[in-house]
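*Asks:* Pasting in a structure now, in structure tokens, and then I'll have a few things to ask.
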Amino acid sequence: MPQPSSAPFEPPTPNTAPCDRDILDVEPMLRNFGGPGPTVTMLYALFLENADELSRALKERLAIGDLDGVRMAAHSAAGAARTAGAGRVADLFGSVEDAALRGDAAVVRRDAAALDRALADVKILIARI
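Per numbering that gives the first Met the number 0, the sequence shown starts with residue 0, numbered consecutively.
Below you can see the structure in the form of structure tokens.
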């Protein structure tokens, strides 16, 4: 009969990298561009640069109550995230866009606050490519 391990239980560290296709589905990008390489690396770097900039713009617009500016930044970012395979990020930006269109600042703030963590998860997975 197997004996229980004498090693103490260690919970996952906060730096544990996520591994989830909802966070980043790289298969279409790799398939379309022939696998990992300089083109895919450049496209993901461009995506991250744009996503970070659009996230900043969104938060700046939100801080001054410009929901139309929030909506436009979220719309652009959601499309880019979908193209990159960043599903969770795309969904959050899409939700922000929809909420801004409805004038629901509370939902905009809630989902905008979740973007930093979602983008960080995508960055972790992109770094593995």
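Glycine included, each C-beta is placed from N, C-alpha and C at the ideal position.
Helix, strand or coil: how does DSSP classify residue 85 here?
*Replies:* Mapped onto the sequence shown, residue 85 falls at position 86. Coil, per DSSP.
*Asks:* What's the gap between the Cα of residue 71 and the Cα of residue 22?
*Replies:* On the sequence shown, residue 71 is found 72 positions in, with the first residue counted as 1. On the sequence shown, residue 22 is found 23 positions in, with the first residue counted as 1. When rounded, the distance between both Cα atoms is 23 Å.
*Asks:* Could you say which of 127, 128, 121 lies nearest to residue 81 if we only look at CA atoms?
*Replies:* In the sequence shown, residue 81 corresponds to position 82, counting from 1. It is 121 whose Cα lies nearest to the Cα of residue 81.
*Asks:* Can you give the Cα-Cα distance for residue 20 and residue 43, rounded to whole angstroms?
*Replies:* Residue numbering aside, residue 20 sits at position 21 when the sequence shown is read from its first letter. Residue numbering aside, residue 43 sits at position 44 when the sequence shown is read from its first letter. Answer to the nearest angstrom: the Cα atoms are 15 Å apart.
*Asks:* Please state whether DSSP places residue 115 in a helix, a strand or coil.
*Replies:* For the purposes of this step, residue 115 is identified with residue 116 of the sequence shown, where counting begins at 1. In the structure shown, residue 115 sits in a helix (DSSP, three-state: H, G or I).
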